[in-house]
Each structure stands twice: as C-alpha cells, then as structure tokens.
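Chains as they are written, first to last, in the numbering used here: chain D, 14 to 305; chain G, 1012 to 1382; chain F, 98 to 377.
One structure is given here, and the rest of the page talks about it.
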Amino acid sequence: MQELFPYLLNGISVGGQYALIAIGYTMVYGILRLINFAHGDVFMVAGLVMVYTTTALPLYISIPLVLAATVVLGFTIERVAYKPLRTAPRMSVMISAIGVSYLIQNLAFYITGGVPQPVTKPIPFISNTVSIMGASTKMVTLVTPVLTIALVIVLVYLINHTKTGMAMRAVSKDFETAQLMGIKINSVISVTFIIGSFLAAVGAMLYFTNYPSVAITSGGMPGLKAFVAAVFGGIGSIPGAVVGAFIIGLCEEVIKGLGYTTFSDAFTFALLIVVLCVKPTGLFGEKVTDKV
Amino acid sequence: MNMTKKKTIFTAAVLLVLFAACVIVDLTLPSYHIAVTVIKKATVYALVAVSMNLLNGFTGLFSLGQAGFMLLGAYSYSVLTIPDGKKATVYQYFENGGLPFSFTDIFGGIFGEQVGTIVGMLIALLIGGLLAALFAFLIGLPVLRLKSDYLAIATLGFAEILKAFFQWNGLGPITNGSNLLKSYPTFNKATPYVIIAGLMIALIVLLINSTYGRAFKAIRDDEVAAEAMGINLARHKRMSFIISSFFAGIGGGMMAMYMGTIAAAPFKSALTYEILLIVVIGGIGSITGSVLASFLYIFSSEWLLRGLDSGTFLGINAPAVFKNGFRMAVFSVIIMVIVLFFRKGIMGDKELPNLLDKRPKSRKKKEAAGK
Amino acid sequence: MSKNVLKIENATMQFGGVVAVDNLNLEINQGEIVALIGPNGAGKTTAFNVVTGVYQPTNGAVWFNGEKIIENHPQGKMKKLYKGEHAGEYNNTIAPTPDVITKLGMARTFQNIRLWKSQTVFDNVLIAKHCRTTSNVFSAIFRLNRKEEAKQRAEVEELLKVVGLYEERNELATSLPYGKQRRLEIARALAAEPTLLLLDEPAAGMNPQETDELTAFIGEIRDKFNMTIFLIEHHMDLVMHISDRIYVLDFGKQIAEGTPEEIQNNQRVIDAYLGVAEDA
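Here is the structure:
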C-alpha cells in the first residue's frame, strides 16, 4: 500500500485532468451526437501555447492568453468544420472531426518542426514540490482535484440556473424541437464548444506541468482516454464524465504502480469495450431508444 | 457493340495500360528509384483503402480498426519469414527468440531458394490475412452490435489494445517487444506488389458485385428494410467485417514488405485516419476512387510535393516557408476542403466502367468516342 | 374450409405501462385478403411488427402455416407490469428476427416507403432474392453460382414485367414517382417468394385514381400468385372493395370482425371512428 500511495495520488491528479477534457467531449456529444475527435488536439494546442507564452510573457498575461487562444480555436473549429455539416449524415461530421484532428497535428508539426517543445518555464507554485505522507509530488497533484471539482460545481450551477444552460439542456434533449421553440441552436453549440475548450485549456496547463515537453501527439492519448471516461460515466452526463475520469485515472496509475506500464493504455480501451458491451449507457447515462 | 461489352473492353484496356506502365517502370528504373517506391507504397495503401471502403463505404459500418488488422498481418508476415540464420541478430534482446521454423527456409528446402522464398512469402501473407480475419471474427460478435460512432471508437480501442499487446515484453520472444523486426525477405521490384494487390482488389470487386455485395449495400442503405427482406444483419455484418479485416491483414503484410523493418508503433490510429481520409478523397463507395486516391496521395506526398518540405518548390526558393512539415500541412488543408465542400470525393460512388455512362463530363465523352 | 395461413393467438404488446395491442386474436386462410383497420394509434402497425418479428410480443403466440413461430410470456420487469390476459398460458420464448420470418414465407411493405435509395429498381427487387440464394460467399465471389444468379435475374425481370416496372428497371428507385415506389415495394416483397404478403398502408398518400389502380393491382397479385394478403389501410374504399374479411382495432383491442358489409353496419365500429356523444 505504501508503495502504491504515490500512484494513487497521481491517479487522482491525472483523473482530474482527464475530467476537464472529458467534459468537453460529453457536452458536445450530448448536443451534437458527435465524437469530437479534434478535442484532444485542442488540448495539445493549449499545451503548446502555454509553452510559448510562459517563456515570453509574465504569468498574468500568458495564462489568460492560453485560455483565450484555446477558446478561439474551439469556436473556430465548430464554425468552420462542423456547422456546414449540420444536416449531413453523422459519418460525414465524424470524418470532418478526424480531418480537423489531422490538420491540427500537421500544422503543429510544421510550426514546431516536429520537435517536442520543452516546458522550460512551468507555471510556478503548482510546479513546486511538496511532500505528503512521505511521498514527494508536485503541488499540481493537490491543486488539480480541488480546481476540477470547483469548476464542475460552477459549470453545473450555470447549466441548471442560467438561460443559456436551460437552452443547452433543451437542445440535448431534442435538437429539432428546441430549434422550433426559438432556441438559437448555433449560439448554444458555440457556447458548448467554448466551455469545452476553456476547460481543456485549464486541463492542459495542469497536465503539462507534470511533463517535460509537449509533442504534437501529446493530445491523442489523453483525448481518447477522456472520451472513454465520458462513455464510462454515461455520455451526455457531466458528473458521469468526472466520476469516470477519476476512476480511469486511478486505475491507470495503479496498473503502472503494479509494473504493467505497457498495458495502462490498453486497460482504458478494454474498459471501454466492456462498458459498451455490458452497459452502453454508462454509469449515469440516460437510455436512448431508437425508433423503427 | 452493346454498352456492357464496351465497358468491359474499356476497363480491361485501362487496367492493361496501367499494368504495362508499371512493368516498364520496373524494367527501366533501378529499384531504389522514387517511382518504384511510389508504386509499391501506393498499391499497399490502395489495398488497405479498398478493404476499408468495403466496410465503411459498402456496408455502412463505421469502423476504425484498420491499423490493428494491418498490425496483425505485418507481424505474422515478418515473424513467419525471418530466416533461421538471422534470428539471433534480430532477436538480440531475447534469447532463442523467434519461431522455431521459418517459411523462407522450409519452402526454400522444397522448391529451391528463389522459388521457395517467394512461396514462403505468399503463404505468410495469407496467414497474416487469416489471422486478422480470425481476430475480426472474435471481436465481431460484441462489437458489431454497437451503433455507428460507438462501433468506431470500440474498433479503435481494439486496435490500440493490439498495439500495446504486441509491444509487451512477455511476447518478446515472438514479437521482439517494442524493438524492430527486420531481415525478412521482401520484393525489390514494384510489379509483385501490383500483382498481389491487384488480385486482392479484384476479389473485393467480385464480392461487391455478387449477391452478397448487394446485400451489404442494402444494409448500408436501410438496415430495417434489409432485415425485413430476409437479410440476416448479424451474419452479413460479421461477414463484411471479417472479409475486410482479411484484406487489411494482407495489406499489413505488404506494408511490412514495403518498409523492410517494422515495429508496432507506426500502426497507430493516425494510420487508420490517413487511410480513412484517402477513402473519403476517392469517394466513399467507389473502389476506383480509393485506388486512384491512394496513388494521388502517395504520389504527391512522396514525390510531387517533396519540395514543399525541403526549401524549393516550383522553382521558388523559400526555406523559411518550405520547411519540414509544410507538405503535410498543405495536404491536410486540401483534405479538409474535400471533406467540407466536395463530400462525394473524386469518384462519388462511380466506378471505372461508369465513366462511359450516358452523361459523363465532356472530357470523358471524347475519351469514349476515341475508342 | 381452406388451409389456415396465419393465426395470431392472444397476442399482447405492452411498452412499459402502455398496452399497444391487447389480446389480439386473428386468423387468415389461404387465398384470403384480410384487412386490419382502426383509428390512428389503434395498434395496427404494432400488430404487424409483432407478426414480422420487429417486436417481441409481451404475451401470446403466432402460428404460420400450422407451425408456432413466435411465442412469449411476461418476463423480468414485465411480470409485474403486465396488464393483459392469458398470462399463465404461455411458457416458452420463441423470438426469431425479422429475416428468419421472411425466409419462412412472410414479406412486408412499410408505411413510410423504405426502398434502398442508392440502388436501381432492378437491384431493389434482386436484393430481395438474396434470402433465397443457396450459394455461399466463396462460390459467389468466384462466380460458381452463375446458374442461380441467371435464374434469379430472369425471375426479377419477369416480376418487373408483371408489376409494370420493366421499363424503369435501370432507374434509381428514388427517381420513381410516388405511386410507382409503392408498387416497387410490393414487387420487392414478392421477390422474397412469400406465401403471405403484409401491406402496411399501401395507399397512404395516394389520390383517388392511384388508389383505384392499387386496388386493382392488389387483386391481380392475389390471383396471379395465389397469394394470401394481410393489409392495414385507412382508405375505406379500398378496404371495403377488396377485403374478404376485416378486423377492427381500437385502443389496442379488437372491437369487431366480419365481412365488409357486417363491419359497415357495426355500431361499435361507427362509434370508434366517429366518437360517441358524451350524453349518449
């Protein structure tokens, strides 16, 4: 147990970071029924922007800049790549998402020259080392779960108590009817992407504090895992995504702790397949019935 | 002469000309020439793209497991054909690594070295395909019950699991862990690639035009109606999945041949995405389109647009812009334009013989009139 | 009395607490045209879906050509929720998928046309023959089934001539006018070589003239193919003109059965369609 403790600690931290990404997946899926394959790459771009801005600018400018750049990116992707396909078959939209992911990675490769960008000046405070019960870790490990839960509480409050939140819930229940009731679908979708990207940016700043560098493929795996977390929790459900993300983060780190690092990724996917086959609605998901 | 006959002759003529061109390239250029490389790589991609199209385009099952099935084919091919004599150097981190036999040696002993090696290679390819098909059979039962995007993500998951499994040191004595497999026999010339891939694609075309292929298309167009008309959905979906995986496995084996050395790492989801995008460029539901798009894609990325990465393109020398990665960036922009504005791709759902149909574009008309 | 083709026995279909079909009993004999009518939402299409295997009934059984092909009894959650009758009488579960039922000899059309959109008229009908092929996938790929394929193609051509769609055989199914699409759907169902044809509102959306043509067409099919036909329809002209017997459903319950004359004069049927005055 004593040996596993640092891994558990890490698991909670990674879980929190996955949760911040997973919310973006689950909200977009809830409204558009689209797996936003590009979301992991948006997360990666946030990491890159962080690397570039923190080295050049003071923190009080660079952090808002990272958030703003990521939000603009998420918003633009939706407007350019998904909005024109609103009436197209679902497969076309998914292909477009894959295309965007491919585009972002290739652009990032061009800009970075394919070299992983070192995190030279990590955000202070959260990168400080602390020691808890004999395990030494970075401050970010402690900050992440607290920040994640705080953000989720704010988000859930917004969704339940604001007009936009109500519109979002209506759209995710029934896209067409919501449109007929005078809800401005496009602005609701944009807000969803903005929130998702904002949280991904926060997640990226926390996540990459733990890593020496950001590579163009750094977004893929965390993205897919966060998606699995969203499915596991019941896609469309925000608390579900958060719980799912923490469970996946913990399991993954424990598997690493037990010495099976090769299989920590595979485990996530095995979990996904089991969930899809046994309980496709996930932990907190609602049942969707197909009409014949 | 009626239309059907005309179409057959036209198709045969086009294919024959292309094949002859490839043989001429092979005879006149050295095997390290870029043209030979392009043909080799493009045929491999064409086969895999067509196999993916069979599933995604003709049966309407959105699967993203192609890289996983290719991995199975690639590993079976290389593991089975590494000659006994070279196993010690290949598996340097694993004592007594590798299988206790090698197809290259077994068939070399029967048919003589040259013929035997080729026979061994072909059988190893076939086994790779069969293994991929077997794996598809096993995962098909649970996975194919899932709907569209869930199916996509589940197949993607299986591919990732396979990749992790093959890199596992526990399997090291066979897969060499995360180290390279090398020293297996390959074809230097492009013609064998064209022949193998061509035969495989011909089989897929025959399947698509058979009663089973028509049933697949019915499932794609309307599942409920297909089932009501007596088509067993589970059985036909699994059949399409298994057949597609078989050809992806063969394609993977050919990929191993083309690359000369393999590891599990390149068989990642990005490879599947790349192939999916090729299918989209060619036209979802068109075999001709997939083949054409593969050649265009490989030709431009490997040859035509090389300059975009290395400083000079079309005589313009601008190393600051034309640097490493620019080519792929340009490429992905083109792909996005196709995905967004030309959703039918190059061919839509038309095939080569359809170019002779009643209302072709004017250029095609002239071509047909010239025959 | 001629041979019994279809028998629905105490079939109840309940979705959660809603009883869509309540204890339906119905028999169709060889060569008959039987109509199932009733106001909107009476459970007609649900009854069709139960017979063709799309839904599994909550309780009851279906017999086809003297063989029990579907049977079920309330299970799991439904045990408590079940509101219908005859609960204890069925013990087995026989739940074939729609394709199995089609192979047994039942073929249907859909209320909202469901043709294969990217296929030609000819291929739409030819694909329906797929369930009758005996060749496996290998002989199909290597064209060892040429004889069978040629035979099927000839049969499809013949069928298209009979239903009057031969001229349009190479056109896309969706390019046909509405009335012909309905006809094509019937031709497709016939291609599956059924002994019982189920038509779900074949005249929906048709004008009076098209309806008259369809009425004649259905009669022709019965005579030419010696077919038994079970149809759901709202056009009373068509139903009264063509049916041998009529069953009437209202709120899932069968309220009447009889010849067209009997049904036309049945007070319960008139009440169901026109409503009953509150003070009556």
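All C-beta atoms, glycine included, are put in the ideal place defined by N, C-alpha and C.
Nearest CB-CB separation between Asp-1095(G) and chain F: not below the 7 Å threshold. Residues of the stretch 1202-1230 of chain G whose Cβ lies closer than 7 Å to any Cβ of chain F, in chain order: Leu-1214, Leu-1217, Leu-1218, Ser-1221, Thr-1222, Tyr-1223, Arg-1225, Ala-1226, Lys-1228 and Ala-1229.
Each of Asn-1243(G), Ile-1215(G) and Glu-1313(G) was checked against the Cα of Leu-1065(G), and the nearest Cα belongs to Ile-1215(G). For Ser-210(D), the closest alpha carbon among the candidates Thr-89(D), Tyr-65(D), Gly-178(D) and Lys-96(D) is that of Thr-89(D). At least 7 Å separates the beta-carbon of Val-184(D) from that of Val-169(D). Taking 4 residues as the shortest admissible run, the stretch 231-312 of chain F contains the following complete alpha helix (DSSP H) segments, listed from N- to C-terminal end: 234-238, 243-260 and 275-288. Under the three-state reduction of DSSP output, Thr-217(F) falls in the strand class.
In terms of Cα proximity to Leu-116(D), the closest of Glu-1362(G), Ser-1343(G), Ile-1349(G) and Val-1348(G) is Ser-1343(G). Partner residues in the beta bridge of Gln-130(D), as assigned by DSSP, are Val-227(D). In chain order, Trp-213, Lys-214, Ser-215 and Gln-216 make up the part of chain F whose C-beta sits under 7 Å from the C-beta of Asp-1232(G). Contact of Glu-1171(G) with chain D by beta-carbon distance below 7 Å involves Asp-278, Ala-279 and Phe-282.
Residues of chain G with a Cβ closer than 7 Å to the Cβ of Arg-205(F) are, in chain order, Ala-1239.
For Val-1235(G), the chain F residues whose Cβ falls inside 9 Å of its Cβ are Val-151, Pro-195, Phe-207 and Arg-211, in order along the chain. Beta-bridge annotation (DSSP): Gln-111(F) is paired with Val-116(F). Selection Asp-334(F), Gly-185(F) and Asn-146(F) evaluated against Asp-297(F) yields Asn-146(F) as nearest (Cα-Cα). Taking the C-beta atoms as reference points, His-332(F) is found nearer than 7 Å to Ala-300(F).
Judged by DSSP in its simplified three-state form, Ser-1221(G) adopts coil rather than helix or strand.
With fewer than 16 other CB atoms across the displayed protein chains lying within 10 angstroms of its CB, Phe-239(F) is exposed. Under the criterion of beta carbons closer than 8 Å, Gly-247(D) and Phe-282(D) do not qualify as touching, at roughly 18 Å. Every alpha helix (DSSP H) of 4 residues or more that sits fully in the stretch 125-163 of chain F is shown, in chain order, as 141-148. Rounded to whole angstroms, the separation of the alpha carbons of Gln-1125(G) and Met-1132(G) is 11 Å.
The closest CA to that of Asn-189(F), considering only Gly-316(F), Thr-231(F) and His-170(F), is found on His-170(F). DSSP, reduced to helix, strand and coil, places Glu-358(F) within a helical segment of the structure shown.
Rounded to the nearest whole angstrom, the C-alpha separation of Arg-1225(G) and Asp-278(D) is 39 Å. In the structure shown, the three-state DSSP call for Ile-1212(G) is helix. In the three-state reduction of the DSSP assignment, Leu-328(F) falls in the strand class. Relative to Gly-29(D), the option among Pro-252(D), Ile-196(D) and Lys-197(D) whose CA is nearest is Pro-252(D).
For Ala-225(F), a Cβ of chain G is located within less than 7 Å of the residue's own Cβ.
Annotation: the continuous beta strand (DSSP E) that includes Met-203(F) extends over 203-205.
Taking a Cβ-Cβ cut-off of 7 Å, Ile-1357(G) has no neighbours in chain F, whose nearest Cβ is about 18 Å from it. Contact annotation for Ile-1346(G) against chain D: Gly-112, Tyr-115 and Leu-116 [CB-CB distance below 9 Å, chain order]. By the Cβ-count criterion, Gly-1263(G) is buried, with 16 or more other Cβ atoms from all chains shown falling within 10 Å of its own Cβ. DSSP, reduced to helix, strand and coil, places Lys-1193(G) outside both helices and strands of the structure shown, so it counts as coil. For Asn-141(D), not one C-beta of chain G is nearer than 7 Å to its own C-beta. Among the CB atoms of chain G, none fall inside 7 Å of the CB of Lys-248(F).
Straight through space, the alpha carbons of Ala-1165(G) and Ile-286(D) are spaced by roughly 6 Å.
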